[in-house]
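Worksheet for the structure shown next.
Rendered as structure tokens:
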């Protein structure tokens, strides 16, 4: 078991081991939805929520069901279906009982099923031997880190759209990947600070 | 061996458990029960809640126009929702301006029926229905245009439409398309005959519906149509009428001429019809007959590619040439234009130069 307390892990997952900028997971929704900062933030909040909950759920299923039955090698497929089912149920619940929240998160939830950062967080927590509490901290932290990254790039892209003139080939995903690379360099500078595994 | 068995069993049961949870959630959480939709303060519909308004209305045989199939891109399905729509959704905001939002206009394909609703739709939409029909006659009108006559079998009282309106013709999946597709075609026949509609279908290279009609559709086949749609119909006024049509754009004009004949409208009526070659002319017998039977009706065809061998004695050139030649400046006129968009636009431009106000020009662009 990794000796690191939950709050530290939470902050480490945001700054020193950002899942998007150091592990490059969840890049496709990140590029597609970062055109403006509002949708970027909406998607980010949804990712935090789903990542925290699915990390906990998958932790329970892995250690309570898969390990006793010696079925650890099925973790991929099980994690994916758990995430998909969870997202589906959450969407229905929010749609029904929290219309205001559905306004903000609703349309982003289905996108999250295929966000590989979510699966990534679940797999990392197994590889790194986190406890349930650590996993939730890590999930919440990774989600927050993902939100931070996408809002950063969303803000930069909005600014570029208003002021900058780009060569045609660089518009959209092109410039986004370059910005991501620069952001990533900045974030990896912190990477040795906290050891998370 | 045992491991494989346990593995399969475990995966299957976990998946089944999750599926069960989703099903239960669907049955209890997403079950909105029966909801009432009050349409135009008079028609009370009871629908199953939770579905988009567009499809809920469709299930009750109210067909809101939609071209994109409920994907939230064409914006044809706008309706006024007085109560029960909830706040405007992010998927709607790009398509609604400030006035529309103030007026409670919403995209019916995006708004779900979650509570009882009060909505307002144009009365005409009540007339839009789905009809089953049998192909009674197909005829080659020109080398590229096929005329099909459909006999409506259900509902038995047939279709009520204003001459000039169009229907959606639905064709089944075939070689060119894996799904059932529909396209819009104007009705060419007399509106008094409610059990028959005649459509003119131009062959379009790789066009799904037109290819089906030209190459596969036979007399005796069953097809589904929906309608009537559109606001291309005769307006009441004392002004003279000018029809301008090219190609299959003649279809709605034919229907309007049946109306002028039937209602004995005495307004001076002129039809400019343009195409390329003599063999592109169709419905000629009927039009020549109307020249005699309808008081004040003149039919002027023009051909843009007639050569000497065609021995064509009529007008040559495009329909815009006819406007220049036959329509004096500032004539009080109602103009109805139907055909390909470039033709419609160039005619509208010439008419503007002639001093005919845009409010008296009505058109139907065949995309």
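Residue numbers (this note's numbering), protein chains in the order written: chain A, 246 to 442; chain B, -3 to 363. Cβ atoms here follow ideal geometry from the backbone N, Cα and C, with glycine treated the same way. Just so we're clear, the structure is a prediction, and the values are computed from it rather than from any experiment.
Using Cβ-Cβ distances below 8 Å, what residues of the region 292 to 314 of chain A are close to chain B? Flagged, chain order: 306, 310, 311, 314.
Simplified DSSP assignment, three categories, for residue 198(B): Three-state DSSP puts residue 198(B) in a strand.
If you draw a straight line from the C-alpha of residue 160(B) to the C-alpha of residue 243(B), how long is it? Computed Cα separation, rounded: 15 Å.
Return no unless some Cβ of chain A is closer than 8 Å to the Cβ of residue 48(B). Residue 48(B) does not count as touching chain A.
Leaving aside the five residues before and after residue 233(B) along the sequence, list all residues of the same chain whose C-beta is less than 6 Å from its C-beta, in chain order. Contacts found: 330.
Distance, Cα to Cα, residue 249(B) vs residue 49(B)? Going by C-alpha positions, residue 249(B) is about 35 Å away from residue 49(B).
With a threshold of 8 Å, are at least 3 pairs of Cβ atoms found where one atom belongs to the region 41 to 59 of chain B and the other to the region 117 to 136 of chain B? Result yes; three or more Cβ-Cβ pairs closer than 8 Å.
Is the beta carbon of residue 317(B) closer than 8 Å to that of residue 364(B)? What is shown of chain B runs -3 to 363, which leaves residue 364(B) out entirely.
Could you tell me which chain A residues have their CB closer than 7 Å to the CB of residue 18(B), listed as they occur along the chain? In chain order: 330, 333, 334.
Enumerate in chain order the residues of its own chain whose CB-to-CB distance from residue 350(A) is below 7 Å, with the five nearest sequence positions on each side excluded. The residues 287, 290, 291, 339, in chain order, have a CB closer than 7 Å to that of residue 350(A) in the same chain once the five nearest residues on each side in sequence are set aside.
Return the residues of the region 392 to 406 of chain A that lie within a Cβ-Cβ distance of less than 9 Å from chain B, sorted by chain order. Answer in chain order: no residues at all.
For a cutoff of 8 Å on Cβ pairs, would you count residue 197(B) as touching chain A? Not one chain A Cβ lies under 8 Å of residue 197(B).
Taking DSSP as the reference, what is the three-state secondary structure of residue 51(B)? Note: residue 51(B) maps to helix in three-state DSSP.
Endpoints, the beta strand (DSSP E) within which residue 149(B) is located: Per DSSP, residue 149(B) belongs to the beta strand (DSSP E) from 141 to 150.
For residue 71(B), which residues from the same chain have a beta carbon less than 8 Å from its beta carbon, with the 5 sequence-adjacent residues on both sides left out? Within the same chain, residue 71(B) has close Cβ partners 91, 103.
Helix, strand or coil for residue 73(B), going by three-state DSSP, please let me know. DSSP places residue 73(B) in coil when its eight states are reduced to three.
Per-residue contacts from residue 327(A) into chain B (C-beta, under 9 Å): Those within 9 Å of residue 327(A) in chain B are 10, 14.
When the Cα of residue 235(A) is compared with those of 108(B), 100(B), 94(B), which residue comes out closest? Here chain A has residues from 246 to 442 only, and residue 235(A) is not among them.
From residue 393(A) to residue 281(A), what does the alpha carbon distance come to, in whole angstroms? Just so you know, the alpha carbons of residue 393(A) and residue 281(A) end up roughly 14 Å apart.
Chain B within 8 Å of residue 341(A), Cβ atoms only: Yes, because at least one Cβ of chain B sits closer than 8 Å to the Cβ of residue 341(A).
Which of helix, strand or coil DSSP assigns to residue 276(B): Residue 276(B) falls in the helix class under three-state DSSP.
Counting only Cβ pairs nearer than 9 Å, list the residues of chain A close to residue 2(B). Going along chain A in sequence order, the residues near residue 2(B) (Cβ under 9 Å) are 314, 315, 316.
Give me the residue from 141(B), 289(B), 217(B) with the minimum Cα distance to residue 277(B). If we check each option's Cα against that of residue 277(B), 141(B) comes out closest.
Quick check: the region 297 to 310 of chain A against the region 367 to 378 of chain A, are there 3 or more CB pairs under 8 Å? Verdict: yes, contact present.
Under 8 Å between C-beta atoms, does residue 320(A) make it to chain B? No - not a single Cβ of chain B is within 8 Å of the one on residue 320(A).
Does the count of Cβ pairs from the region 216 to 235 of chain B and the region 129 to 137 of chain B closer than 8 Å reach three? Inter-segment contact for the region 216 to 235 of chain B and the region 129 to 137 of chain B is present: three or more beta-carbon pairs are separated by less than 8 Å.
Quick check on DSSP: helix, strand or coil for residue 118(B)? In the three-state DSSP reduction, residue 118(B) falls in the coil class, being neither helix nor strand.
May I ask you to list, following chain order, the residues of the region 70 to 90 of chain B that have a beta carbon less than 8 Å from some beta carbon of chain A? Of all residues in the region 70 to 90 of chain B, only 82, 83, 85, 86, 87 place a beta-carbon less than 8 Å from a beta-carbon of chain A.
What residue does the beta strand (DSSP E) around residue 42(B) start on, and which one ends it? Under the DSSP assignment, residue 42(B) falls in the beta strand (DSSP E) whose first and last residues are 39 to 44.
Could you tell me which whole alpha helix (DSSP H) segments of length 4 or greater appear in the region 185 to 270 of chain B? Along the region 185 to 270 of chain B, the alpha helix (DSSP H) occurs as fully enclosed runs of 4 or more residues at 204 to 211, 246 to 258, listed in sequence order.
Does residue 22(B) come within less than 8 Å of chain A when only Cβ atoms are used? It does; some Cβ of chain A falls within 8 Å.
When the cut-off is 8 Å and only beta carbons count, does residue 252(A) lie next to chain B? No, its Cβ sits nowhere closer than 8 Å to a Cβ of chain B.
Determine, for residue 25(B), whether the minimum Cβ-Cβ distance to residues of chain A falls below 8 Å. At least one CB of chain A lies nearer than 8 Å to the CB of residue 25(B).
Of the residues 68(B), 96(B), 94(B), the one placed nearest residue 87(B), counting alpha carbons only: Closest option to residue 87(B), Cα to Cα, is 68(B).
Please go through the region 252 to 284 of chain A and give each complete alpha helix (DSSP H) segment of 4 or more residues, from N-terminal end onward. When DSSP assignments are scanned along the region 252 to 284 of chain A, the uninterrupted stretches of alpha helix (DSSP H) that are 4 or more residues long and fall wholly within it turn out to be 272 to 277.
Buried or exposed, going by whether 16 or more other CB atoms sit within 10 Å of the CB of residue 175(B)? It counts as exposed.
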